[in-house]
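Numbering (the working numbering), first residue to last: 75 to 682. Ideal placement from N, C-alpha and C gives every residue a C-beta, glycine not left out. Presented below is the structure to which this report refers.
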Ligand code: GAL
C-alpha cells in the first residue's frame, strides 16, 4: 500500500514537543518522516565540532513511535563558517555577481573542496545511521536547480569548464573546428583562454553556450555522485534526490542513473501561479485545484527517472508562501493530489511540512499543524486517506501504450537558440502530453536513449534537437506509430544545421527549406490540416513543396506547432492508426491507470 509521510524539522522546535509530534504523526496514519536536510549548523556548529546527540534522540523517538525516517544530507545549506573556510564557495549569477549567504543553495557546484566536505558529512551520517532499523531511505541535498542554482558563472566554474572542454575535445583545433570559431574570428589558441558564455557583447556562439549548459548539468551529476559514494558503503537503503517541477537545467535521467528511487516535490497551486504558461482564464479556472496535467506530467517523468520507483517527497498541504498569489486548495484537493500520485504508481506521498513555523522565510507557508500546534484543515483529509488507500492501492502500475520522449539537452539547445522568443521545448512536449491526456490516454515519458521504445504502440518525438545514435537506431527499427517534429533532429550534436534531419526515419527524401517563427498574435492556417502558431516549417519531398503534415506508412512528420484543435486531430489520427482506444475527456477530467481524477470538482474514483 502507498505510504504517507511528512517533512519534519525537529531542530526548529523544543525537544519537549518531539515525542507528542511523533505520536500524533503515527495516529493520523503517517509512517515516513523526512528529517535533517537543512540542519548543518546544528550538526556541526563549528568546524570540526559535531553534535549528533539531538538527531540520535529524534530518531529514537520516531522509531519508538513506530515511524520510519528518511535522512537528508544537509549540503544545500552550508553554515556561515563554511564561507570563512571557503571564501570562494558562492555561485555567481549570469551578471557576474556572487550569490550571497543568507538563504540557501549558496554554493557553486564547481567548488570541489566543498563537494568533498559535503560528502564527508554525508559519510558521517551514513556511518552513524546507515543501519538503523527505522531508516527508510536517503535524500541527497535538496532540490538541485531550485532558485536557479545549476548555472554558476564563478571563477572556479570557468576553470572547471576549461578542463571539461579539454577532456571533450582534446585539442583546441578540434574545438575551434566543431564550434565553428572561424566565424567572427573567435578562434582560440588554448583551452585556458575560453571564458564562460556570459557578459559577451552580443550572443555567444551557440555551440559554446550549449557546451556550458551540458557542463553545468554534468557538475550536478558529479556533485551528487560524491555523496552517493560516501553513503553507499554504509547502508543498504535506497538513495534518492527530491526533484522539482519544471526544473530543466540538469539532466535528471543522468542523475537518476545513480540512484534507486526518484522523488519530486509537488506544489500544484504554487506551480500554476509561478511556473506555468497558462493564460489568465485557465489560471482563474484552476486556481484552487491546479493544472490538471502538470502534476501528472511530472509523475510520469520521474517514474522514468526512477526507473519505475518514485515517490512524492513534498506535497503542498495548503497555501504556500512563494508564488505571486497563494490561495488555499479546494476542500478535498490534497486528497485528490495524493491519490493521483498513487494512480501514477507512487510508493509514498509526504506532506511539506509538519508544523507551520512562526519565524523566518517560510512563516507564511502552511503545514499540517498551525504554528500554535492546532491542527490545520487538511489533517482530517489525510486521516481519511488511509481508508482510501486501503480501498484503491494496488501494486499494479500498468504501462502506457503511448511513449513521449523528453530530452533535457533539447531544452538547453532551444534556450540557446529559440529563434522565436516564445519557443520553449518543455512547453512543446507538454502540449503533446496534454493533448494525449485529453484523449484519455495514459502516457509514459521516456528518456532519449531509445531503450524502451519497442514496448509502445505510439512513440512521439517532438522538438528533439539532435537524435543520438542509439535513439536513431531504435526509432529506425521501431514498428509502431512514430510521430516526429516539429524541429526534430534539425541540428547535429555540435549545433550545426543537420544536413538531413529526418529523411532516414521518414523513409522519404524530406528536406527542410526554411523555418518561420510567428508573433504571438499570428497563426497560420493550412488547408486540410489546421492551424499553427509560433513555429512553422517549409518542407519539400522529392523537390516538391508539401504541407507541414506528412504520413508515410506508420510515420508522421509534423512541421509546425499546432494549436490545440489541430494537435488533438493529429494525435487522434496517430492513436487510431495504432489501434488504441480513445476516450475524449472534458477539460478538468483526466484518466490514469483505470482511475478518474477530477480537477474541476476535486474528485477521484475508479473509472466505470
Ligand atoms: C521546496 C523546498 C522546501 C520548502 C518548500 C516550500 O521547494 O524543498 O524546503 O522550501 O519548497 O514550499
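My output table needs one value for residue i: the three-state DSSP class, helix, strand or coil.
{"i": "residue 637", "result": "coil"}
{"i": "residue 54", "result": "In the structure displayed, the chain extends from 75 to 682; residue 54 sits before or after that span and is not available."}
{"i": "residue 431", "result": "coil"}
{"i": "residue 256", "result": "coil"}
{"i": "residue 518", "result": "strand"}
{"i": "residue 494", "result": "coil"}
{"i": "residue 100", "result": "helix"}
{"i": "residue 388", "result": "strand"}
{"i": "residue 502", "result": "helix"}
{"i": "residue 138", "result": "helix"}
{"i": "residue 672", "result": "strand"}
{"i": "residue 159", "result": "helix"}
{"i": "residue 605", "result": "strand"}
{"i": "residue 642", "result": "helix"}
{"i": "residue 147", "result": "coil"}
{"i": "residue 610", "result": "strand"}
{"i": "residue 283", "result": "helix"}
{"i": "residue 654", "result": "coil"}
{"i": "residue 87", "result": "coil"}
{"i": "residue 678", "result": "strand"}
{"i": "residue 630", "result": "strand"}
{"i": "residue 620", "result": "strand"}
{"i": "residue 405", "result": "coil"}
{"i": "residue 109", "result": "strand"}
{"i": "residue 94", "result": "helix"}
Could you check which residue in the options has the C-alpha nearest to that of residue i?
{"i": "residue 104", "options": "560, 536, 287, 425", "result": "425"}
{"i": "residue 444", "options": "391, 462, 662", "result": "391"}
{"i": "residue 601", "options": "622, 658, 617", "result": "622"}
{"i": "residue 377", "options": "346, 353, 335, 396", "result": "335"}
{"i": "residue 383", "options": "330, 348, 628", "result": "330"}
{"i": "residue 120", "options": "129, 159, 94", "result": "159"}
{"i": "residue 593", "options": "669, 311, 496", "result": "496"}
{"i": "residue 485", "options": "586, 401, 536", "result": "536"}
{"i": "residue 411", "options": "427, 455, 568", "result": "455"}
{"i": "residue 569", "options": "255, 117, 89, 213", "result": "255"}
{"i": "residue 188", "options": "614, 162, 169", "result": "162"}
{"i": "residue 144", "options": "207, 294, 599", "result": "207"}
{"i": "residue 106", "options": "116, 141, 589", "result": "141"}
{"i": "residue 664", "options": "500, 619, 417, 184", "result": "417"}
{"i": "residue 294", "options": "640, 322, 270", "result": "322"}
{"i": "residue 494", "options": "624, 131, 302, 635", "result": "635"}
{"i": "residue 196", "options": "349, 305, 210, 625", "result": "305"}
{"i": "residue 154", "options": "278, 222, 282, 176", "result": "176"}
{"i": "residue 219", "options": "209, 194, 180, 242", "result": "180"}
{"i": "residue 581", "options": "389, 147, 552, 267", "result": "552"}
{"i": "residue 627", "options": "556, 430, 428, 397", "result": "556"}
{"i": "residue 246", "options": "229, 266, 564", "result": "266"}
Just confirm the distance between the C-beta atoms of residue i and residue j, as a whole number of angstroms; I'd bet it's less than 8 Å.
{"i": "residue 550", "j": "residue 75", "result": "At roughly 43 Å, the Cβ-Cβ gap does not stay under 8 Å, so residue 550 and residue 75 are not in contact."}
{"i": "residue 319", "j": "residue 257", "result": "No, residue 319 and residue 257 are not in contact; Cβ-Cβ is about 38 Å, not under 8 Å."}
{"i": "residue 655", "j": "residue 532", "result": "Residue 655 to residue 532, Cβ: 12 Å. No contact."}
{"i": "residue 507", "j": "residue 517", "result": "6 Å"}
{"i": "residue 78", "j": "residue 422", "result": "7 Å"}
{"i": "residue 327", "j": "residue 521", "result": "4 Å"}
{"i": "residue 290", "j": "residue 224", "result": "5 Å"}
{"i": "residue 519", "j": "residue 375", "result": "5 Å"}
{"i": "residue 350", "j": "residue 365", "result": "6 Å"}
Count the other C-beta atoms from every protein chain shown that fall within 10 angstroms of the C-beta of residue i, then say buried if there are 16 or more, exposed otherwise.
{"i": "residue 399", "result": "exposed"}
{"i": "residue 437", "result": "exposed"}
{"i": "residue 233", "result": "exposed"}
{"i": "residue 298", "result": "buried"}
{"i": "residue 448", "result": "exposed"}
{"i": "residue 135", "result": "buried"}
{"i": "residue 248", "result": "exposed"}
{"i": "residue 435", "result": "exposed"}
{"i": "residue 88", "result": "exposed"}
{"i": "residue 90", "result": "exposed"}
{"i": "residue 108", "result": "buried"}
{"i": "residue 658", "result": "exposed"}
{"i": "residue 226", "result": "buried"}
{"i": "residue 275", "result": "exposed"}
Beta strand (DSSP E) runs contained entirely in the segment 175-248, provided each spans 3 or more residues:
Note on the segment 175-248: whole beta strand (DSSP E) runs with a minimum of 3 residues are 209-214, in chain order.
Length at least 3, wholly inside the segment 512-571: the beta strand (DSSP E) runs in chain order
517-520, 532-535, 555-558
List, from N- to C-terminal side, the beta strand (DSSP E) runs of 3 residues or more that fit wholly inside the segment 311-380.
313-317, 336-340
At 4 residues or longer, what runs of the alpha helix (DSSP H) sit wholly inside the segment 566-603?
The segment 566-603 contains these whole alpha helix (DSSP H) runs: 577-580.
Ignoring anything shorter than 4 residues, give me the alpha helix (DSSP H) runs that lie fully in the segment 410-478, in order along the chain.
452-466
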